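Residue numbers (my numbering): 94 to 527. Okay, structure first, notes after.
Have a look at this one:
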């Protein structure tokens, strides 16, 4: 019997290889209907293959195979031998256990390819998370119901149904469920090794609703030059909004002190890197930031000069250079009111003090050499080659790059000027009236 299984496995590998080769060479010859049908069919095969993989993992564990190579458990074996990430290894083991112990009907449907991996994961997660008072029959009924719905609904919908099932089984257990949800909160940061990192934040519905409310207004699309549509997709706008909220809190000095200091991003770089933008700087937590990123950060940061020996040992530390004092910030807010990019309406609380010329190029920390710009447009100025200088009214004006305007005519933010004029018309005593 084992020989039959080995032959079937070899045939499967050969068939998969042949299919992949033909797909790459001849897919263009298929009709639209054939492509759609093959895609649906392959989705079924993919589920069957993953189910088979989980079945093999069960066999590996039952035979204690991990111990033969010195691995302490199956999870460590998956990480070491199959090079799975710790997250995926843990997820696959949970699925293997739930399908073989608690949700065998789902396991059978998964093996047949009638439910996808996502759906099987959702169903097993719902059943495993039912209240402790749920009877064996109640769990079986929940699984049966969700399997029946899987032909119509996706994994997200199945999880939402699971919440309803949970409430039906234990209508008085709302507080307990909320407490369990609070215990499941967590935040992890994973380095993607491509210049980005992934922040994974799990929290209660209540807390995430607060986050969404805080992000809602500042994640709205921001028109580009000449009213062009904001090119950022929603997830990028949400990421920018989250960064705005964090930057705003740091600028206001919120948060506990560590070693007597408020929260601070510490970066080590050479003076040449800061001046030219070439090279990299290193944060205290190990991230490498480009020289251009350092120049942006230097516009609104505490800078401490540290003279190093050739062996990278600190020799002498200078005093901190604060780029904008509290009194200067008040003056900037009174003058600019908000972001000075010509079509932006972000108020001062979401802005930083941008030097012109930049601090790295010798820009002075004077009110006449700084202007308020939001985080998004601060990046745009540095990245796209906008120039800023003080206009005749002693407020910042911008020269766009030549690819926007070959003549590089000055642009000014009329929104805040209009707001000040309106306030002045209503109340002649309002400060800052033009």
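Think of the CB as a built atom: it goes at the ideal place given N, C-alpha and C, for glycine as much as any other residue. All values reported here derive from a predicted model rather than from experimental measurement.
Where residue i and residue j are concerned, what is the direct C-alpha to C-alpha distance, given to the nearest angstrom?
i: residue 215; j: residue 482; result: 56 Å
i: residue 438; j: residue 431; result: 7 Å
i: residue 192; j: residue 219; result: 13 Å
i: residue 492; j: residue 486; result: 16 Å
i: residue 221; j: residue 441; result: 49 Å
i: residue 342; j: residue 468; result: 13 Å
i: residue 118; j: residue 141; result: 25 Å
i: residue 326; j: residue 336; result: 16 Å
i: residue 458; j: residue 288; result: 31 Å
i: residue 181; j: residue 110; result: 25 Å
i: residue 419; j: residue 189; result: 59 Å
i: residue 332; j: residue 286; result: 19 Å
i: residue 488; j: residue 464; result: 8 Å
i: residue 473; j: residue 290; result: 21 Å
i: residue 179; j: residue 423; result: 49 Å
i: residue 135; j: residue 174; result: 27 Å
i: residue 512; j: residue 501; result: 26 Å
i: residue 165; j: residue 146; result: 21 Å
i: residue 600; j: residue 258; result: Outside the modelled stretch of the chain, which goes from 94 to 527, sits residue 600, for which no answer is possible.
i: residue 310; j: residue 323; result: 15 Å
i: residue 161; j: residue 187; result: 22 Å
i: residue 508; j: residue 386; result: 29 Å
i: residue 475; j: residue 137; result: 49 Å
i: residue 499; j: residue 248; result: 52 Å
i: residue 197; j: residue 223; result: 17 Å
Determine whether the beta carbon atoms of residue i and residue j lie at a separation below 8 Å.
i: residue 504; j: residue 435; result: yes
i: residue 243; j: residue 212; result: yes
i: residue 171; j: residue 148; result: no
i: residue 421; j: residue 460; result: yes
i: residue 384; j: residue 369; result: yes
i: residue 202; j: residue 251; result: no
i: residue 217; j: residue 199; result: yes
Quick one: residues in its chain with C-beta nearer than 6 Å to the C-beta of residue i, no 5 flanking neighbours on either side, listed in chain order?
i: residue 478; result: 494
i: residue 506; result: 433 and 435
i: residue 209; result: 140
i: residue 100; result: none
i: residue 568; result: Outside the shown range of the chain, which is 94 to 527, sits residue 568, and nothing can be said about it.
i: residue 351; result: Low per-residue confidence applies at residue 351: pLDDT is 44, beneath 50, and the placement is therefore not dependable, though the value from the model is reported in the following sentence. Excluding sequence neighbours, residue 351 sits near nothing in its chain.
For residue i, which residues in the same chain have their Cβ closer than 8 Å to its Cβ, ignoring the five residues on either side in sequence?
i: residue 227; result: 235, 262 and 263
i: residue 246; result: 254
i: residue 373; result: 362, 366, 381, 382, 383 and 384
i: residue 371; result: 365 and 384
If distances are taken between C-alpha atoms only, which option among the options comes closest to residue i?
i: residue 75; options: 160, 181 and 167; result: Examination of residue 75 is not possible in this model, given that the chain is present from 94 through 527 alone.
i: residue 133; options: 159, 182, 420 and 206; result: 206
i: residue 510; options: 201, 384, 475 and 428; result: 428
i: residue 275; options: 260, 296, 364 and 285; result: 296
i: residue 529; options: 293, 286 and 284; result: Residue 529 is absent from the structure shown; the chain starts at 94 and stops at 527.
i: residue 444; options: 189, 514 and 338; result: 338
i: residue 462; options: 484, 238 and 498; result: 484
i: residue 334; options: 363, 304 and 143; result: 304
i: residue 470; options: 364, 314, 128 and 159; result: 314
i: residue 298; options: 124, 329 and 256; result: 256
i: residue 329; options: 176, 104 and 308; result: 308
i: residue 466; options: 283, 340, 497 and 498; result: 340
i: residue 497; options: 200, 515, 154 and 321; result: 321
i: residue 273; options: 225, 159 and 375; result: 225
Give every residue of the same chain whose Cβ lies closer than 7 Å to the Cβ of residue i, excluding the five residues on either side of it in the sequence, and list them in chain order.
i: residue 279; result: 295
i: residue 121; result: none
i: residue 97; result: none
Any chance the CB of residue i is under 7 Å from a heavy atom of the ligand SAM?
i: residue 166; result: This structure does not include the ligand SAM; it has no bound ligands of any sort.
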